[in-house]
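Asks: When the letters of the sequence shown are read in order and numbered with this note's numbering, they come out as residues 154 to 608.
Ideal placement from N, C-alpha and C gives every residue a C-beta, glycine not left out.
This one's a predicted model, so the numbers in the text were calculated from it and none came from an experiment.
Input: one structure, supplied below.
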Amino acid sequence: MEEIDVVYLYEKVLRELDVACAVKALAKRLYGLRIEIVQQNHGYPYALRNFRPRVVVLPFCYQNRSNNIYLTNWRKAIFFNLTWEQLFYPGNQTAKTPRGNFAIHHVIHHAWSDFYADFLKQQGVPEQHIWVNGNPAYALYDAEYRSYFKKREELASQYQLDVDKKWVFFPENYNWAFYDDGMLNQMIHDGQMPDDVYGMKEFSARSFEEVMRWCNVLADSENIELIIRPRPSTLLDDFIEKIKTIIHTIPKQMHINQHETVRDWILSCDTVVSSYSTSLIEAAIAGKSIYMLEPYPLPVSLRQDWHKLLPHLTNEQEFLSSTLGKSTKNTGKSLEQWARTTMISRGDPIRNLTDYLARLCQGKINRPLIPSRKSVTLPGRIPFPSWILFEYRRLITRLRPPDAILPSQIHPEYKNDVVNLVEINQRVNQWTELLSNDIHRQQPSQGQHIMMSNL
């Protein structure tokens with residue numbers, strides 16, 4: 154087993170992998186750090202057998218259940234929580250609130266803003282375990298990084314789009330309309346009120362149906378390319394089937410595409426429309442013409458304060474007049490100002506994150522106390538003492554052959570998220586080439602090269 158600096162876990166490729174690869178490229182060039190990028194749900198057999206990291210980067214950490222396999226094997230590592238979701242609405246805040254001894258007392262939490270840091274403190278997270286940095290994904294829209302993403306002409310050629318037409322991009326986020334009973338029950342189990350859960354599902358289903366009718370009319374225009382991007386966790390076939398129950402035939406100018414990142418499409422499009430999706434914040438940062446779709450009044454359980462900072466379209470006529478016109482006026486200046494002031498105000502969040510991970514590996518930042526075996530052991534069916542359960546599970550994990558741990562088939566939700574090492578290295582090399590042109594950042598001295606793992 155190889156001692157390395159960081160295992161960087163990710164859940165969703167389209168949301169997280171660009172930042173992960175940029176950080177890995179910078180960390181290697183500036184500090185000589187060894188970072189291995191691993192898919193959280195399906196990469197653990199390889200990672201647990203090959204690496205002993207000093208730092209483990211988590212995509213989220215709400216409770217032990219989400220991270221138990223890594224806690225069982227890497228309990229003495231420093232756990233750093235990136236928290237890829239921090240803009241909550243009342244209907245999901247309880248389910249995504251950190252709780253339990255491990256999440257509260259033994260993890261360093263990455264905060265995009267002071268308001269999220271205050272939220273963590275209210276849950277009992279010690280201030281010294283909270284690091285306020287900014288949102289790394291938002292930095293990808295700035296000049297230093299945006300040239301990494303695909304150009305409009307490349308996307309047009311790849312997906313048979315007319316580069317001269319007006320591109321309307323719709324990153325869909327009617328997630329509640331696609332949740333099955335199991336997911337709804339899990340939300341209720343995690344603390345959400347049943348009335349809110351079922352109310353959000355009903356609202357999202359009705360809104361989705363109405364907006365798809367608007368989109369059907371828009372896509373009949375010869376001057377429009379409408380690109381609808383389902384959420385990464387929504388199965389594409391399910392999405393298409395649901396649309397067909399509403400409009401029956403998908404128009405030629407309506408392109409349902411789950412490929413590429415939201416950043417590729419936002420940077421290349423003319424106008425962005427969506428429901429309550431935070432993709433609208435990203436589009437505002439990119440300086441695009443943006444609109445929030447609200448065919449029915451948004452229930453309290455889905456409202457957020459930032460929704461007030463951009464124009465809303467409440468009927469088909471408003472939708473068509475805003476999207477069919479030639480104007481691509483920036484309609485998100487107020488939203489952009491709020492986002493940059495609250496979540497990109499401390500310098501470059503990607504560089505900051507790289508530096509912070511280096512200081513963690515160098516031992517320059519006080520780490521949380523190592524959790525006890527009891528605090529990270531989920532109950533078993535037989536009431537053995539927690540330390541026995543912990544050691545038993547750790548032993549079984551290490552004794553099983555890899556194919557007994559890794560599912561023979563990847564869960565459909567993650568079929569696009571399990572990326573092989575060759576592709577990850579190609580992405581890292583692209584970022585290395587792009588970022589090596591930055592002459593303003595000094596190279597670290599040889600003495601800064603660190604490979605520290607003394608667990």
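(1) Rounded to whole angstroms, what is the Cα-Cα separation between Q339 and L388?
(2) Starting from the N-terminal side, write out each stretch of the beta strand (DSSP E) that is 3 residues or longer and does not extend beyond the stretch 431-469.
(3) Looking only at DSSP bridge pairs, what is M407 linked to?
(4) Can you check the stretch 155-197 for any beta strand (DSSP E) of at least 3 residues that lies completely inside it and give the ranges in chain order?
(5) Out of curiosity, what's the CA-to-CA distance linking A290 and K441?
(6) Just how far apart, CA to CA, sit L308 and W584?
(7) Quick one, are the C-beta atoms of A173 and P206 less than 7 Å apart?
(8) Determine the burial state of I380: buried for a count of at least 16 other Cβ atoms within 10 Å of its Cβ, exposed for fewer.
(9) So, at 6 Å on beta carbons, what are the nonlocal neighbours of R580 in its own chain, with the 5 sequence-adjacent residues on each side left out?
(10) Would the beta-carbon of F472 fall within 7 Å of that of W320?
(11) Roughly how many angstroms separate the alpha carbons of N582 and A178, rounded to a whole number?
(12) Just how far apart, CA to CA, sit D333 and T225?
(13) Helix or strand or just coil, what does DSSP make of P251?
(14) Can you tell me where the alpha helix (DSSP H) with I503 in it begins and where it stops?
(15) Rounded to whole angstroms, what's the CA-CA distance from A200 to G500? Just pull it up for me.
(16) On the three-state DSSP scale, how would you describe K303?
(17) Quick one: measure Cβ to Cβ for S487 and N254, integer angstroms, because I've assumed they're closer than 8 Å.
(18) May I ask you to report which of helix, strand or coil DSSP gives N234?
(19) Cutting at 6 Å between CB atoms, please list the residues of its own chain near E164, excluding the five before and the five after it.
(20) P464: which of D343, V425, L293 and R202 sits nearest, CA to CA?
(21) Start and end of the beta strand (DSSP E) containing F204?
(22) Strictly by DSSP, which residues pair up with T424?
(23) In the DSSP assignment, the alpha helix (DSSP H) including H342 goes from what residue to what residue?
(24) Buried or exposed for R512, please, with buried defined as at least 16 other CB atoms from any protein chain shown within 10 angstroms of its CB.
(25) Assess contact between the stretch 341-357 and the stretch 230-249, defined as three or more Cβ pairs (one per stretch) separated by less than 8 Å. Is contact present?
(26) Would DSSP call A256 helix, strand or coil?
(27) Decide if D349 is buried, meaning its Cβ has at least 16 other Cβ atoms within 10 Å, or exposed.
(28) Using CA coordinates, which residue listed in S475, Y312 and T484 is at the minimum distance from E413?
(29) My understanding is that I399 touches E362, with C-beta atoms under 8 Å, so please give their C-beta distance in whole angstroms.
Replies: Reading it off the structure:
(1) Their backbone Cα atoms lie some 19 Å apart in a straight line.
(2) For the stretch 431-469, whole beta strand (DSSP E) runs of length 3 or above, ordered along the chain, are 442-446.
(3) BP columns for M407 point to L379.
(4) Entirely contained in the stretch 155-197, the beta strand (DSSP E) runs reaching 3 residues are, in chain order, 155-163 and 188-192.
(5) Their backbone Cα atoms lie some 17 Å apart in a straight line.
(6) The alpha-carbon atoms of L308 and W584 are separated by roughly 20 Å.
(7) P206 sits away from A173, with the two beta carbons spaced by 7 Å or more.
(8) Burial check for I380: the Cβ neighbour count within 10 Å reaches 16 or more, so the residue is buried.
(9) Cβ within range, chain order: C174.
(10) No, the pair does not count as a contact, with Cβ atoms beyond the cut-off.
(11) About 7 Å.
(12) Whole-angstrom Cα-Cα distance: 30 Å.
(13) DSSP places P251 in coil when its eight states are reduced to three.
(14) Start and end: P502 to Q515.
(15) Going from the Cα of A200 to the Cα of G500 covers about 32 Å.
(16) Coil.
(17) Rounded, the Cβ-Cβ distance is 41 Å, inconsistent with contact.
(18) Looking at N234 - three-state DSSP - the assignment turns out to be strand.
(19) In its chain, beyond the 5 residues on either side, Q193 and P212 have a beta carbon closer than 6 Å to the beta carbon of E164.
(20) Checking every option, the nearest Cα to that of P464 belongs to V425.
(21) In the DSSP assignment, F204 falls within the beta strand (DSSP E) that extends over F204 to L211.
(22) Answer is V321 and S442.
(23) From DSSP, the alpha helix (DSSP H) with H342 extends over D334 to H342.
(24) Exposed is the call here.
(25) Touching, yes.
(26) Three-state result, A256: helix.
(27) Buried: at least 16 other Cβ atoms inside 10 Å.
(28) Nearest option by C-alpha distance: Y312.
(29) Correct: roughly 5 Å between the Cβ atoms.
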